Structures are given as C-alpha cells and as structure tokens.
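Each remark here refers to the structure printed beneath this line.
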Amino acid sequence: MRHASLFPVGLRRDTGGNVLPIAAIGVLVAVIVVGSAVDLSRSYLARQQIQAACDAAVLAGRRTVTSNGFDTAAQNAAGNYFQANFSDDTQGTHGTGFDASSPDDGNTVVGTARTVVDTLLMRVFGHDSTTITVTCASSMGVGNADVMMVLDTTGSMNSTLSRSQTRIQALRAAMKNFYATMTSATASTNARIRYGFVPYSSSVNVGRLLMDLDPSYIVDRRTYQSRQYKVDTSSSTTSSWEQGSKSYSTENACNSAKLANETDYKDYGSGSNKTQRMYEYKCQKVSTGRFSSAWFIFSRYSERRYEYVYGPVEWPTSVYKTFAATTTPTGDYGANVSSTWSGCIIERSTVAQATFSYSSLTGISPKEAYDLDIDSPPESSSDATKWAPLWPEVAFRRWDDNGYTRSTTRDGDTAPSPCPTRARVLSEMSESEFNAVANSLVPDGNTYLDIGMIWGGRMISPDGIFSEVVNEEPDNGGEVSRHIIFMTDGVMEPNNIIQQAWGMEFWDRRVTSDGSSGDAARHTSRFLASCEAIKNKGIRVWVVAFTSGLSNDLKTCASDSSSFTANSAKELNTAFQEIAKQVGELRVIE
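If you're matching positions, the sequence shown starts at 2 in my numbering and goes up one per residue.
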C-alpha cells in the first residue's frame, strides 16, 4: 500500500514525457506569429502602395480639371495615374479597383481604391485573404498670393478668332475664369488673394498712381515734338492809302462813319500759311472843285503772314499733370485747344545703347538707364529721374519734301498717342470689381513688351515705390507668394513716328542713334533685363504667348516651367487655369 501511495507523487515529478506536447504547442504558436507577421507585412505594404496611387490619381485628376469641371478627360487622367502607380502583378494582389468623383464640380476630387491580398500562411487557419480599402482627396489649397496681370492691349487684340470672338474678348473670359478658380479654391479659408493690373501697349496708364504717391514724381516742364503758330516777320507789308468813294460834309460825320466801318483784322488764305490783314482808317478833307471840298474816309492795311513752325517746344506740365483742363495754342491757326491728361506717361531718362543687363550684385547696367530701375524713386532735384505726361494735343510730327525730317519745318501733322486702360495697384477684389477691369480693356497701339514688364515689376516689387501696398501684412500672418502673369499676342513692335513711352523716337532718339536702327532689339534687351530684375526678387513670372508663338525671348523671361502657348480661346483659358492651379498649390487633403 505504501508503494501505491507514492506512485502519484512520482508521476507528478516525472516530466520526461511532456516534451513532445509542449513542443507541438510551441510550433503552432510560432507558425501563427510568423505567418501573421508575414501576411500583415504584405498587407501593410499593399496598403501603403495603393494609398500612394490613390493620392497621385486624385492629384492628377484635379490638375486636369478645366472650366468644364471634372469631365471625362479629368476622370481618365485620374484612372491612368492610378494604374501607372499600382500593379497587381507587382504587389501580388487581385480584384483591384479605383473610383474618382467630384462633389463640387471639380474643385475637390475624391477617390476610393480597393484591392485583395491573398494570405500565404494564415490560410491554414481559414483566413484566405485580406481586403484593403483606402480613400483619398485633392483640392486647391491656396495660401496668400499677389497676382499682377500684365496684359497686352495692343491693336492686334481686336483681331477676330473663330466664332467671331475677338482676342480681347477671349482674354476677358480667361481672366474671369481665373478669378472664379481662385475664389473657389479660397472658399472657407482665410487666405488673402490680391490682384493688380498693368494693361500695356505703346505706354502704360499710371499717371494717377504716381500723382497719388507724390506729384513731384512728374516733371513740371517738358520739351515735346510740337508746333507753334508764329508771325513770319520777313513777310510783313503795308499798302498805300486808298480814298473811299463816299464823301461827308463835315469831319464829325466822316469820323462817325469811319468808326462804324472799322475792322481790326481780316484773315485770308488757307492751310498752314495764313495771312492776316490789319486795317487802318482816317478822315481827310479833299478838294472836290475850284471852290468846294468834302471829307473822305481813307484806308490802308498792313499784311503779315502767320505760319506753323514744327519742332521741339517746351510746354509747362504743372497744371496738365493734375488732370485739370489745360489750354495750349496748338489748334488750327494758333487757336487754343483744351486738353486733359488721360494718365499715360513718357519714361524717365535712359541711354541710347544696344544692350542692357541685370546682375544681382550690381543691378541694372548701365546705371544711367533710369527707365529700367524698377525700385528707386525720383530725385527731387533731377528731372532725368522723373516721368512726364504723354500729351497728344501738343505732339506733332514734321516733314519736308523728302519725308519726315529732324529739321524745323512748316509742314507736319498730329502724332498718334495711344493710351491703354488705367493700371491698378494690388488689392483684394470682388467678382464684380475684377470683371469691371476685364471689361474695360480696349485694344489700341503698338507692342512694347518692355514698358509692360517694367511697370509690372514696379507695381509688385517689395522694394519699390509701391512697397507700402506690396508689403501690407495679411491678417492671417502668413507668407505671401508673388506672381506676374505676362500675356502678349505679338512680338516687340515699336513705332518710331508715334508718341509712346520713350517719346517720338524718330525725333527724340532716346533709344536709337538714328531714330530707327535696332529699335526692336534695343527694346527687347530692356525687356529681358527687366525680367531678370523681377525674378531676382523671388517673383514668379508666368508668360502666355497668345496666337503668336512662344519666342526664345519670352521663354527666357519666364520663370522655370512657367511659359505657355495658346492658339485659341480654349487654349488661352487652359493656360490661365494651369497658372491658377499652380498659384493655388494643389495638395492632398485626405
């Protein structure tokens, strides 16, 4: 019995027979741990890859959205990007699908992607596969941005495109769609978007902006190619006294008749050579017989010829620049003409040099080219650093028998002086305010790319004369990105016989040495130097060539990956939309 009672105790102490069951349980646990780790790792990698593919797809879809919303083209772009970034063969998945849609007509693109990962080890426990589903979305996430639109409003913008739409009408529509896209992107955010405008052609209309800054920025006197109506002193003659036919019995009666008939001046002739006669009258007693006499009126005239003299004339601008009506004797035969400044300017002093350049170390070269200095204000004692009004009513061309001449002549005509719509500094704008600017654009004048870019730079430079506006802090305290959108429908096309931002080149010769040679090339050199000065300030320059082809000069001017060619109204709208998307900084929001 004693041995029987010790058997359970011995059995309990003998562990030799437990090794196999314990080992079996350990193997099973190890299989579960390793298998789940392997399969979870494969699922994790597949999830990461399909999420990345989903994000790329909705970004591509949103980037492709135009004014047509999330259309077939945008849907296809999203699908293609998903397929390019996720492959069942590579990931070892199957049953993969992707769907994209937009709840707000293209502003936000949302997507759902799903796939199935088959398990390798966990299937022995009845878990054959794992289904993965992810969501993604992209939208226009706009920060603070200043956008200066420098817009070609030359005469060619009135040309007709297809469907009887003019180029200027296509530009207006593209501008309005740009505003709508930016407004949609900033809805329910505190982002600040400001717009400024520099319509340009032969000059820019910035007179009121300069007068608001400081009236001394504009000169008080300026020499213009003009005309005066003067007496030709070498042509004056006086006639002999002639006796009238009517007699008077007394001297008093004669004097009364003389006063009634007296005239100061009479004008004769036509054209530029006009003759004036000044009449004199007197009463004189004349014998009418042996014992009789009577009083007669005698008259004579002095004749002098007036003529136009065409040449440089200095006119006071102190009243004209205030936008008050100003009178000048430049009308027909010296008649007074009243004129009021429209606001376009003649650039400050420059150098008639072939090439110009910009360096981040030394600035514009040569230094005397004040027209290319986009930052420095005028010096109070130096008219060379100031601007002057463009003044059509005093501007005249001149010619002789051989054509236009620099010599003072008696022959000439008025000089065309195109002036675009008024420029506007950066400001937040309502849709109606923005559209009013777009609708105000009127085509006229020649293509001076440089005057547009120079003033676009001046009006968005944080270091220039408009810096107080440019550097105004947004309420949200964030950084501000700065952009110039430069649109043109042509190449540089100066005209040397009109009044433009550099005067009247054939006569003033501020750009060329002979009034014509190298005119376009010299303006192009100014244009490119201005582009470099602007980009050096961290301002992104976008260039859109509308129906004209993207020249090397325009490509050089633009910032990297920031130039577009548009040959139709649709392509112009697409270009503006692409710029809006990049100004708006597309981003994934989920």
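Where is the CB? At the ideal position from N, CA and C, for every residue including glycine. Computed from a prediction, not measured in an experiment: that's the story for all the values here.
- Counting along the chain, Thr116 sits inside no alpha helix (DSSP H); it lies in the beta strand (DSSP E) bounded by residues 109-119.
- Annotation for Thr94: the continuous beta strand (DSSP E) segment containing it runs 94-102.
- Looking at the backbone, the Cα of Arg43 and that of Val110 are separated by about 29 Å.
- Straight across, the Cα-Cα distance linking Thr548 with Gln50 is about 43 Å.
- When beta bridges are read from the DSSP output, Glu243 appears opposite Ser300.
- By the neighbour-count definition (other C-beta atoms within 10 Å, threshold 16), Val287 is an exposed residue.
- The beta carbons of Ser203 and Tyr405 sit no closer together than 7 Å.
- A straight line joining the alpha-carbon of Thr327 with that of Pro390 spans about 13 Å.
- Counting every other CB atom within 10 Å of its CB across the protein chains shown gives Ser157 a total of 16 or more, marking it as buried.
- When C-beta atoms of the segment 203-217 are compared with those of the segment 495-505, three or more pairs fall below 8 Å, so the two segments count as touching.
- Within its own chain, no residue has a Cβ closer than 7 Å to the Cβ of Thr73 once the five positions on either side in sequence are excluded.
- In the three-state reduction of the DSSP assignment, Ile455 falls in the helix class.
- Remark: C-beta atoms of Tyr309 and Tyr230 approach each other more closely than 7 Å.
- For Val544, no alpha helix (DSSP H) run applies; the uninterrupted beta strand (DSSP E) run containing it begins and ends at 541-547, by DSSP.
- Each residue's CA atom was taken as its position, placing Ser526 and Thr566 some 22 Å apart.
- Scanning its chain for C-beta atoms nearer than 6 Å, with the 5 sequence neighbours on each side dropped, one finds around Thr97 the residues Asp89, Thr116, in chain order.
- Under the three-pair Cβ rule at 8 Å, the segment 528-536 counts as touching the segment 555-562.
- When the alpha-carbon of Ser303 is set against those of Thr276, Ser240, Cys420, the nearest one is in Ser240.
- The three-state reading of DSSP puts Met176 in helix, counting H, G and I together.
- Per DSSP, Val481 is not a residue of any alpha helix (DSSP H); the beta strand (DSSP E) it occupies stretches across 481-489.
- With fewer than 16 neighbouring CB atoms inside 10 Å of its own CB, Pro216 falls in the exposed class.
- Runs of the alpha helix (DSSP H) lying entirely within the segment 382-450 and spanning at least 4 residues, in chain order: 432-441.
- The three-state secondary structure of Asp464, taken from DSSP, is coil.
- Secondary-structure assignment with DSSP links Val148 through a beta bridge to Tyr196, His484.
- According to the DSSP assignment, Phe83 belongs to the alpha helix (DSSP H) that extends over 73-86.
- In the three-state DSSP reduction, Asp333 falls in the helix class (H, G or I).
- Ala295 and Phe397 have their C-alpha atoms some 56 Å from each other.
- Residue environment analysis places Gln578 among the buried positions, since at least 16 neighbouring C-beta atoms fall within 10 angstroms of its C-beta.
- Residue pairing for Trp342: DSSP places it in no beta bridge.
- Linking Gly62 to Asn553 through their CA atoms gives a straight-line distance of about 31 Å.
- Residue pairing by DSSP puts Ile347 in a beta bridge opposite Ala389.
- Straight across, the Cα-Cα distance linking Pro104 with Thr182 is about 16 Å.
- Look at the segment 550-578 and you find these whole runs of alpha helix (DSSP H), each 4 residues long or longer: 553-558.
- Residue environment analysis places Gln226 among the buried positions, since at least 16 neighbouring C-beta atoms fall within 10 angstroms of its C-beta.
- Counted as a single uninterrupted DSSP element, the alpha helix (DSSP H) harbouring Gly208 occupies residues 208-214.
- Its chain contains Pro200, Ser202, Pro421, Leu442, Pro444 as the residues whose beta carbon lies nearer than 6 Å to that of Thr154, once the 5 sequence neighbours on both sides are disregarded; these appear in chain order.
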